[in-house]
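Trainee: In order, the protein sequence lines correspond to chains A and B. The numbering used here numbers the first residue of the first sequence as 62 and each following residue consecutively. The numbering used here numbers the first residue of the second sequence as 62 and each following residue consecutively. Note that beta-carbon positions come from the ideal geometry of N, C-alpha and C, so glycine has one too.
Protein chains: 2
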Amino acid sequence: MARWEPGTPERLQQAALELFGSRGYEQTTATDIAQSVGLTERTFFRHFSDKREVLFYGQDAFVQAFLEGIAAAPPDASPMELVGRALQSAARMFPDERRARSRTRQLIIAQNPALQERESHKLAGLATTLADALRARGVDDLAATLAAESAATVFGIAFSQWIGKGETRSFAEIAEHVLRELQQLTGRPTGSRGRR
Amino acid sequence: MARWEPGTPERLQQAALELFGSRGYEQTTATDIAQSVGLTERTFFRHFSDKREVLFYGQDAFVQAFLEGIAAAPPDASPMELVGRALQSAARMFPDERRARSRTRQLIIAQNPALQERESHKLAGLATTLADALRARGVDDLAATLAAESAATVFGIAFSQWIGKGETRSFAEIAEHVLRELQQLTGRPTGSRGRR
DNA sequence: ACCGTGGATGTCAGTCACTGCCATCACTTA
DNA sequence: TAAGTGATGGCAGTGACTGACATCCACGGT
């Protein structure tokens, strides 16, 4: 027997999700969340550095998935190939069963600038983490930064499409499509006359 | 004679910059800033929605510069050409004289996660603004989003390089170089064998 | 010269996020 | 059995931010 119920952060997150969903983020205090699972505000802040962080708990997992995709790639893979592999590896963190939950979570974030800000920052953090991993593989500094940022961009767009109303394609499909489009778009020529 | 000294937000910003630089961001209260220019905390928050915002006051100007670059482009310009023009147009907001000030400002931001978060969010906001402008020109939705994100990415990287120690190239030069590199990097082939 | 209006400011009380410090309370280990 | 440990509670305090209301004086009109 454990002295305390296990999975405290998970229970807090679940409670927060429900309260934010019904009352709204700003109308829910940290105390509300804590009390709804029989804990105190003080304990809430021992598990989360921030009130916002409760919504982002567990995100490290998919950052890891990106990194594993890179680690598993052959040594001679080009930067963009690494991006593709990282994306496909991350895709397994977004099975169709998670769509519904992701949607409701995203609804909450969409209604609060402070949460959107945190989300932007997490995406930026992903990019710098990936850039480090690429550099560690010997990829040139600028190329690593650009490839990592591209990965984060594609991920962000793919995710919002995956969440989108009526969308049925898998995350992996969407991500691949967006990545292809990026490559087609940014591919040279830079020159004056672009193709229609 | 004006009833109050004009340029209140500018004076507050200047004071904030100095206080943040000497004492540090967290060790400086909004009251400190306001009092140092003879105002009250309440007035500070009438000019800035946030304590952080005082550091980002005036940023709208260079977002405008991006938009003007897009507006001035020929109607048949490709998305990536629009990105290039937006970047070059924005470059005029970063003359060499501003380097020193930008550097000290960036030092402050680098020492505070909350400020970095705001910065990430501003960059994300730039991307969505640019995407809207591209869509308004008839650019396809996904292409517009990707191009806009690319512009923001290139801008971010170029800016940090421009600020970098010992850097002497102009912002325009750097931005062009980074953009070229992005095009070379993301250009196809996607295929399995990448080039060394 | 007088009046009224409006925009920028001041005052004040209040809420809430977040922190530091110390106590508690089992359960574990020596 | 005694000391150790990890998660929690209690509490006081700071600082960011808000809403409501008062003030103040240049300015335009009369």
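Give the DSSP-derived three-state secondary structure of B:Leu191 in the structure shown.
Mentor: helix
Trainee: Which residues in the same chain have their Cβ closer than 8 Å to the Cβ of A:Ala213, if we skip the five residues on either side of it in sequence?
Mentor: Only residues of its own chain outside the window of five on either side were considered, and among them Leu184, Ala185, Leu187, Ala188 and Leu191 have a CB closer than 8 Å to the CB of A:Ala213, listed in chain order.
Trainee: Measure the CB-CB distance between B:Arg84 and B:Leu176 and report whether it falls below 7 Å.
Mentor: Cβ distance not < 7 Å, so B:Arg84 and B:Leu176 don't count as in contact.
Trainee: Starting from the N-terminal side, write out each stretch of the alpha helix (DSSP H) that is 4 residues or longer and does not extend beyond the stretch 72 to 159 of chain B.
Mentor: 91 to 97, 102 to 108, 121 to 132 and 140 to 152
Trainee: If we ignore side chains and look at the alpha-carbon of each, how far apart do A:Glu237 and A:Arg164 end up?
Mentor: 21 Å
Trainee: When the Cα of A:Leu168 is compared with those of A:Glu79, A:Glu71 and A:Pro67, which residue comes out closest?
Mentor: A:Glu79
Trainee: A:Pro67 by DSSP, collapsed to three states: which one?
Mentor: coil
Trainee: In this structure, how does DSSP classify B:Lys226 when only helix, strand and coil are distinguished?
Mentor: coil
Trainee: Would you say A:Ala204 lies against chain B (beta-carbon separation less than 7 Å)?
Mentor: Interface residue, yes.
Trainee: Who are the near neighbours of A:Ala134 in its chain, counting only those whose CB is closer than 6 Å to its CB and skipping five residues on each side?
Mentor: Within the same chain, A:Ala134 has close Cβ partners Leu143 and Arg146.
Trainee: Buried or exposed: where does B:Glu66 fall if 16 or more other Cβ atoms within 10 Å of its Cβ makes it buried?
Mentor: exposed
Trainee: For A:Gln172, does the three-state DSSP call read helix, strand or coil?
Mentor: coil
Trainee: Below 7 Å between beta carbons: does that hold for B:Ala152 and B:Phe232?
Mentor: yes
Trainee: Report the option in B:Arg160, B:Phe216 and B:Ser221 whose CA atom is closest to the CA atom of B:Ala126.
Mentor: B:Phe216
Trainee: Just tell me which of A:Leu195, A:Asp121, A:Arg166 and A:Ala161 has its CA closest to the CA of A:Met141.
Mentor: A:Leu195
Trainee: Is the separation between the beta-carbon of B:Gly130 and that of B:Ser110 shorter than 7 Å?
Mentor: no
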